[in-house]
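**Student:** In this note's numbering, the protein residues as written are 21 to 604. Even glycine gets a Cβ: it sits at the ideal position worked out from N, Cα and C. All of these numbers come straight from a predicted model, not from anything done at the bench. Can you keep this structure in mind? I'll have questions shortly.
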């Protein structure tokens with residue numbers, strides 16, 4: 021049974037949710053948009069207000085948050101500049117925070133800071149001016165080489181030590197540590213059981229799993245540190261994050277995807293063509309762009325491996341379809357992938373950023389579906405034949421495009437809103453779409469997340485995967501161009517299927533799990549579950565089917581009443597339709 025969202029405000033959530041988003045504010049006003057408070061230590065200008073399960077009757081109350089939202093490019097520029105003014109300091113176990121900040125302040129004004137723990141205590145310090153870092157570096161010593169010879173590369177990673185630990189330890193006060201990982205699923209389920217609707221459960225999950233403002237700062241800092249190495253060879257290059265770190269759908273603990281960008285170098289070359297003479301740099305010429313990419317990544321990878329403080333387990337995977345360098349960044353705990361000029365990937369990140377900023381329900385639904393998929397083994401961090409998080413996210417977007425009225429626009433509709441500065445063709449592919457979010461009309465759809473979650477499972481439980489494909493550019497089901505079990509068109513490279521890796525058994529498993537989940541949400545009564553002290557709503561979906569008491573009860577008489585009820589509730593005539601739905 022789909023539970024009502026509850027138009028009343030959620031006292032459980034008010035003022036306690038943290039919602040890190042690159043946008044200056046949330047999405048469109050009047051469609052279940054959130055409001056609340058920013059968690060202490062977060063950057064208010066870059067943090068979305070905390071969501072609550074607002075009903076349609078609250079439309080208009082949040083008009084004050086419907087100010088102009090930052091474009092994806094503006095957020096990237098701001099974050100990258102912020103990272104260049106930032107240092108990371110390894111701290112002793114006993115530390116006086118006030119004295120540390122006083123000492124660092126002698127080199128310049130500190131704009132923001134926070135502490136976190138990863139093997140040891142670290143402090144991220146953001147100065148107001150970049151030259152404060154140079155002032156600090158002038159007084160920092162080089163480690164003694166008693167046992168090991170040090171590589172004399174001076175990065176922005178420092179170690180802070182107490183000259184007199186015993187006397188200063190007495191003055192220490194407990195540090196507030198910013199969490200850099202999400203809570204375990206078991207603990208999450210306990211929290212969800214105390215919510216008053218499925219909508220509020222989904223916002224709680226979003227709050228616990230999404231990237232915090234502090235975690236986003238760390239990700240940009242790692243990119244900036246890699247950029248310091250790259251600029252030793254390529255002074256005009258930049259290293260930018262893409263994917264889950266920037267598209268508003270990143271989960272705490274996800275990898276950091278970054279790419280080395282030479283776009284500024286190309287702009288500089290264009291400027292030099294003006295004037296009465298033509299002059300150009302003498303540069304190495306190679307027979308292909310791929311070979312140039314491989315050589316560049318090979319050199320940068322060697323630098324990180326041999327000279328990069330904290331960079332370990334460096335792997336150069338240069339013969340992949342997209343050559344990359346994988347490494348672990350020990351101080352932050354991030355697993356990182358570095359590629360070169362991945363322009364289409366950054367446009368995909370921007371597209372998802374726009375969708376995530378348009379309506380608060382979009383991110384809440386994506387996070388819930390992806391958590392559900394991971395619990396049931398439908399997705400995996402290891403490459404294989406299962407559905408990827410990116411494919412699953414695109415399936416959610418397509419579902420939201422298919423609502424009546426649609427909750428998010430199609431890519432073609434976004435293209436129609438693009439102005440001249442938004443026009444972009446990459447490798448022959450049209451990647452044009454509007455970047456200014458204020459030009460996109462808000463949806464009139466007021467469906468609650470309770471309804472959307474159940475309908476998502478029903479929609480894909482009945483989707484004709486045998487004949488149809490998923491196309492976000494058109495926003496409609498179209499015939500599959502080839503026989504892959506699951507066909508999701510790449511939004512930009514329209515001749516590619518982003519889900520080509522998915523095999524038939526994995527798709528059948530997804531459909532079966534979607535049908536079972538739809539049945540649970542329609543048939544189970546929240547009140548009875550609370551009386552029995554059993555998980556309900558979203559919480560019930562996050563327990564592997566067959567392991568909870570309610571699941572065991574449902575499994576009695578397998579193949580008879582439970583299966584018939586499931587099929588009836590989804591309007592399926594017989595169990596063979598599962599095979600017909602996903603194909604042979």
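Rounded to a whole number of angstroms, what is the C-alpha to C-alpha distance between residue 348 and residue 100?
**Tutor:** Mapped onto the chain shown, residue 348 falls at position 328. Mapped onto the chain shown, residue 100 falls at position 80. Straight-line Cα distance between these residues: approximately 21 angstroms.
**Student:** Among residues of its own chain, excluding the 5 on either side of residue 128, which ones have a beta-carbon nearer than 6 angstroms to its beta-carbon?
**Tutor:** Numbered from 1 along the chain shown, position 108 holds the residue referred to as residue 128. Here the set comprises 147, 149 and 152.
**Student:** Let me check one thing: in DSSP terms, what residues is residue 509 bridge-paired to?
**Tutor:** For the purposes of this step, residue 509 is identified with residue 489 of the chain shown, where counting begins at 1. According to DSSP, residue 509 bridges with 517.
**Student:** Is residue 457 near residue 381, with beta carbons less than 8 angstroms apart?
**Tutor:** To locate residue 457, count along the chain shown from 1; it is residue 437. To locate residue 381, count along the chain shown from 1; it is residue 361. Taking 8 angstroms as the Cβ cut-off, residue 457 and residue 381 do not qualify as a contacting pair.
**Student:** Three or more C-beta pairs closer than 8 angstroms, one from the segment 225-241 and one from the segment 264-276: is that the case here?
**Tutor:** Between the segment 225-241 and the segment 264-276 there are three or more inter-stretch CB-CB distances shorter than 8 angstroms, so the stretches are counted as touching.
**Student:** Look at the alpha carbon of residue 453 and the alpha carbon of residue 372, and state the distance between them as a whole number of angstroms.
**Tutor:** Against the chain shown, residue 453 aligns to sequence position 433. Against the chain shown, residue 372 aligns to sequence position 352. In a straight line, the C-alpha of residue 453 is about 12 angstroms away from that of residue 372.
**Student:** From the DSSP output, in three-state form, read off residue 134 for me.
**Tutor:** Stepping through the chain shown from its first residue, residue 134 is reached at position 114. DSSP places residue 134 in the strand class (E or B) of the three-state scheme.
**Student:** CA-CA distance, residue 475 and residue 109?
**Tutor:** Indexing the chain shown from 1 puts residue 475 at position 455. Indexing the chain shown from 1 puts residue 109 at position 89. Approximately 48 angstroms, taken between the alpha carbons.
**Student:** Quick check on this structure: which residue in 526, 124, 145 and 136 has the alpha carbon closest to the alpha carbon of residue 159?
**Tutor:** If you number the chain shown from 1, residue 159 lands on position 139. Taking only the C-alpha atoms, the option nearest residue 159 is 124.
**Student:** Can you tell which of 350, 389, 343 and 367 has the C-alpha that lies nearest to the C-alpha of residue 357?
**Tutor:** One-based indexing of the chain shown puts residue 357 at position 337. Comparing Cα positions, the closest option is 343.
**Student:** With 16 as the cutoff for other CB atoms within 10 Å, does residue 404 come out buried or exposed?
**Tutor:** Here residue 404 refers to the residue found at position 384 when the chain shown is read from its first residue. Answer is exposed; the Cβ neighbour count stays below 16.
**Student:** Distance check for residue 346 and residue 450, CA to CA, integer angstroms please.
**Tutor:** The residue given as residue 450 occupies position 430 in the chain shown. The residue given as residue 346 occupies position 326 in the chain shown. Distance between the alpha carbons of residue 450 and residue 346 is about 30 angstroms.
**Student:** Between which residues of its own chain and residue 413 is the CB-CB distance below 8 angstroms, once the five residues before and five after are set aside?
**Tutor:** Within the chain shown, numbered from 1, the residue matching residue 413 stands at position 393. The answer, listed in chain order, is 269, 372, 386 and 390.
**Student:** Please report how far the alpha carbon of residue 446 lies from the alpha carbon of residue 361, in whole angstroms.
**Tutor:** Numbered from its first residue, the chain shown carries residue 446 at position 426. Numbered from its first residue, the chain shown carries residue 361 at position 341. Going from the Cα of residue 446 to the Cα of residue 361 covers about 11 angstroms.
**Student:** Do residue 496 and residue 487 have their beta-carbon atoms positioned less than 8 angstroms apart in this structure?
**Tutor:** Against the chain shown, residue 487 aligns to sequence position 467. Against the chain shown, residue 496 aligns to sequence position 476. No, the Cβ-Cβ distance between residue 487 and residue 496 is not below 8 angstroms.
**Student:** Per DSSP, what kind of secondary structure is residue 467 in: helix, strand or coil?
**Tutor:** Residue mapping note: residue 467 aligns to position 447 of the chain shown, counting from 1. Coil.
**Student:** Using the DSSP secondary-structure output, state which residues sit across from residue 278 in a beta bridge.
**Tutor:** The residue given as residue 278 occupies position 258 in the chain shown. Note: residue 278 sits in a beta bridge opposite 261 and 358.
**Student:** Determine the burial state of residue 490: buried for a count of at least 16 other Cβ atoms within 10 Å of its Cβ, exposed for fewer.
**Tutor:** Here residue 490 refers to the residue found at position 470 when the chain shown is read from its first residue. Buried: at least 16 other Cβ atoms inside 10 Å.
**Student:** Measuring only the C-alpha atoms, how far is residue 324 from residue 529?
**Tutor:** For this step, residue 324 is matched to residue 304 along the chain shown. For this step, residue 529 is matched to residue 509 along the chain shown. Cα to Cα, residue 324 sits roughly 41 angstroms from residue 529.
**Student:** Quick one: does residue 474 have its CB under 8 angstroms from some CB of chain D?
**Tutor:** Of the protein chains in this structure there is only one, and it is not chain D.
**Student:** Can you tell me the Cα-Cα spacing of residue 463 and residue 511, whole angstroms?
**Tutor:** The count along the chain shown starts at 1 and reaches residue 463 at position 443. The count along the chain shown starts at 1 and reaches residue 511 at position 491. Each residue's Cα considered, the two are about 21 angstroms apart.
**Student:** From the DSSP output, in three-state form, read off residue 528 for me.
**Tutor:** By one-based count along the chain shown, residue 528 stands at place 508. DSSP places residue 528 in helix when its eight states are reduced to three.
**Student:** By a C-beta neighbour count over all protein chains shown, 10 Å radius and 16 as the cutoff for buried, is residue 169 buried or exposed?
**Tutor:** As a first step, residue 169 must be located in the chain shown, where it is residue number 149. Result: exposed.
**Student:** Have a look at residue 515 and residue 509 and give me their C-alpha separation to the nearest angstrom.
**Tutor:** Taking the chain shown and counting its residues from 1, the one referred to as residue 515 is at position 495. Taking the chain shown and counting its residues from 1, the one referred to as residue 509 is at position 489. In this structure, the alpha-carbon of residue 515 lies about 7 angstroms from that of residue 509.
**Student:** In its own chain, which residues sit with a C-beta less than 8 angstroms from the C-beta of residue 565, not counting the 5 before and 5 after it?
**Tutor:** To locate residue 565, count along the chain shown from 1; it is residue 545. Answer for residue 565: 396, 533, 536 and 571, listed in chain order.
**Student:** Write down the C-beta distance between residue 239 and residue 354 rounded to the nearest angstrom, noting that I regard them as a contact closer than 8 angstroms.
**Tutor:** Here residue 239 corresponds to residue number 219 of the chain shown, with the count starting at 1. Here residue 354 corresponds to residue number 334 of the chain shown, with the count starting at 1. Right, their Cβ atoms sit about 7 angstroms apart.
**Student:** Following the continuous alpha helix (DSSP H) through residue 411, name the residue where it begins and the one where it ends.
**Tutor:** Residue mapping note: residue 411 aligns to position 391 of the chain shown, counting from 1. Per DSSP, residue 411 belongs to the alpha helix (DSSP H) from 409-421.
**Student:** Kindly provide the ranges of any alpha helix (DSSP H) runs that are 4 or more residues long and lie completely inside the segment 131-182, ordered along the chain.
**Tutor:** 151-158
**Student:** Relative to the C-alpha of residue 611, which candidate in 443, 521 and 103 has its C-alpha closest?
**Tutor:** Look at the range of the chain in this structure, 21 to 604, and you will see that residue 611 is not part of it.
**Student:** So what does DSSP say about residue 74, is it helix, strand or coil?
**Tutor:** Here the question's residue 74 lines up with position 54 in the chain shown. Confidence is the limiting factor: at residue 74 the pLDDT is only 40, short of 50, which leaves the residue's position unreliable and the question unanswerable from this model.
**Student:** At the level of alpha carbons, what is the spacing between residue 366 and residue 263?
**Tutor:** Residue mapping note: residue 366 aligns to position 346 of the chain shown, counting from 1. Residue mapping note: residue 263 aligns to position 243 of the chain shown, counting from 1. Going by the C-alpha atoms only, they are around 7 angstroms apart.
**Student:** Would you mind giving the Cβ-Cβ distance between residue 213 and residue 555, rounded to the nearest angstrom? I have them listed as a contact below 8 angstroms.
**Tutor:** The sequence position of residue 213 within the chain shown is 193, counting from 1. The sequence position of residue 555 within the chain shown is 535, counting from 1. Going by Cβ atoms, the distance from residue 213 to residue 555 rounds to 6 angstroms, so yes, they are a contact pair.
**Student:** DSSP three-state call for residue 249: helix, strand or coil?
**Tutor:** As a working mapping, residue 249 is identified with position 229 in the chain shown. Under the three-state reduction of DSSP output, residue 249 falls in the helix class.
**Student:** Given a cut-off of 8 angstroms, decide if residue 175 and residue 248 are closer than it, judged by their beta-carbon atoms.
**Tutor:** Here the question's residue 248 lines up with position 228 in the chain shown. Here the question's residue 175 lines up with position 155 in the chain shown. For residue 248 and residue 175, yes; Cβs fall inside 8 angstroms.
**Student:** Express the C-alpha separation of residue 384 and residue 420 in angstroms, rounding to a whole number.
**Tutor:** Here the question's residue 420 lines up with position 400 in the chain shown. Here the question's residue 384 lines up with position 364 in the chain shown. Computed Cα separation, rounded: 12 angstroms.
**Student:** Tell me the rounded alpha-carbon separation between residue 335 and residue 315.
**Tutor:** For the purposes of this step, residue 335 is taken as residue 315 along the chain shown, with counting starting at 1. For the purposes of this step, residue 315 is taken as residue 295 along the chain shown, with counting starting at 1. So the two alpha carbons sit approximately 14 angstroms from each other.
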